[in-house]
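Sequential numbering of the sequence shown, starting at 507, is according to the working numbering.
Here a beta-carbon is modelled for each residue, glycine too, at the ideal position from N, C-alpha and C.
Take a look at the structure set out below.
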Amino acid sequence: MKMRFLADENFPSECVTKLRAAGHDVAWVRTDAPGSTDRVVLERAVAETRILVTFDKDFGELAWRFGLPAHCGVVLFRVAMPPPTGVGAAITDVLTQRSDWPGYFSVVESGRVRMRPLPPRPGGKRDSDG
Numbered sequence: 507m508k509m510r511f512l513a514d515e516n517f518p519s520e521c522v523t524k525l526r527a528a529g530h531d532v533a534w535v536r537t538d539a540p541g542s543t544d545r546v547v548l549e550r551a552v553a554e555t556r557i558l559v560t561f562d563k564d565f566g567e568l569a570w571r572f573g574l575p576a577h578c579g580v581v582l583f584r585v586a587m588p589p590p591t592g593v594g595a596a597i598t599d600v601l602t603q604r605s606d607w608p609g610y611f612s613v614v615e616s617g618r619v620r621m622r623p624l625p626p627r628p629g630g631k632r633d634s635d636g
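Encoded structure:
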């Protein structure tokens, strides 16, 4: 299944390249809108219906503490970075092993993925509901 991602500014270029090569639609903050605030990045992900992929845990605070809409899905990587030559493949493998990222705040850790449902989008549906 082809997915739509918004890669945060801190997301490795090799990962963006690998995801695009696999046929996914990937927008990248580093090239599209460098210096954007986290709030603007999250709002863009929601507006464009893109799964936000990041290494920045501040998005959890925006979604949970401040209640900003994040129903597009957020995938937070909390893993030790593999060697530069393997980072793209390692992260792409994790992201493409499942397609149920929308509607969840997901934390990818070494050896496991924790997924917590996000509040539904206005109208009562999660993006994962169709």
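Distance from the CA atom of glycine 541 to the CA atom of glutamate 549, rounded to whole angstroms, is 14 Å.
For methionine 509, the closest of Trp607, Thr523, Thr560 by C-alpha to C-alpha distance is Trp607.
Collapsing the DSSP output to three states places glutamate 549 in a helix.
Straight-line measurement puts the Cα of threonine 560 at about 16 Å from the Cα of histidine 530.
Closest in alpha carbon position to proline 625, among Leu512, Asp562, Trp570, is Trp570. Comparing C-alpha distances from aspartate 564 to each of Asp514, Lys524, Ile597, Met507 shows the shortest one belongs to Asp514. Beta-bridge partners assigned by DSSP to glutamate 615: Arg584, Arg618. Valine 619 sits away from leucine 582, with the two beta carbons spaced by 8 Å or more.
Classified as buried, threonine 598 has 16 or more neighbouring CB atoms from the shown chains inside 10 Å of its CB. When the five nearest sequence neighbours on each side are left out, the beta carbons in the same chain lying within less than 6 Å of the beta carbon of arginine 526 are those of Val532, in order along the chain. For valine 593, the CB contacts under 8 Å within the same chain, skipping 5 residues up- and downstream, are Pro518, Glu520, Cys521, Met587 in chain order.
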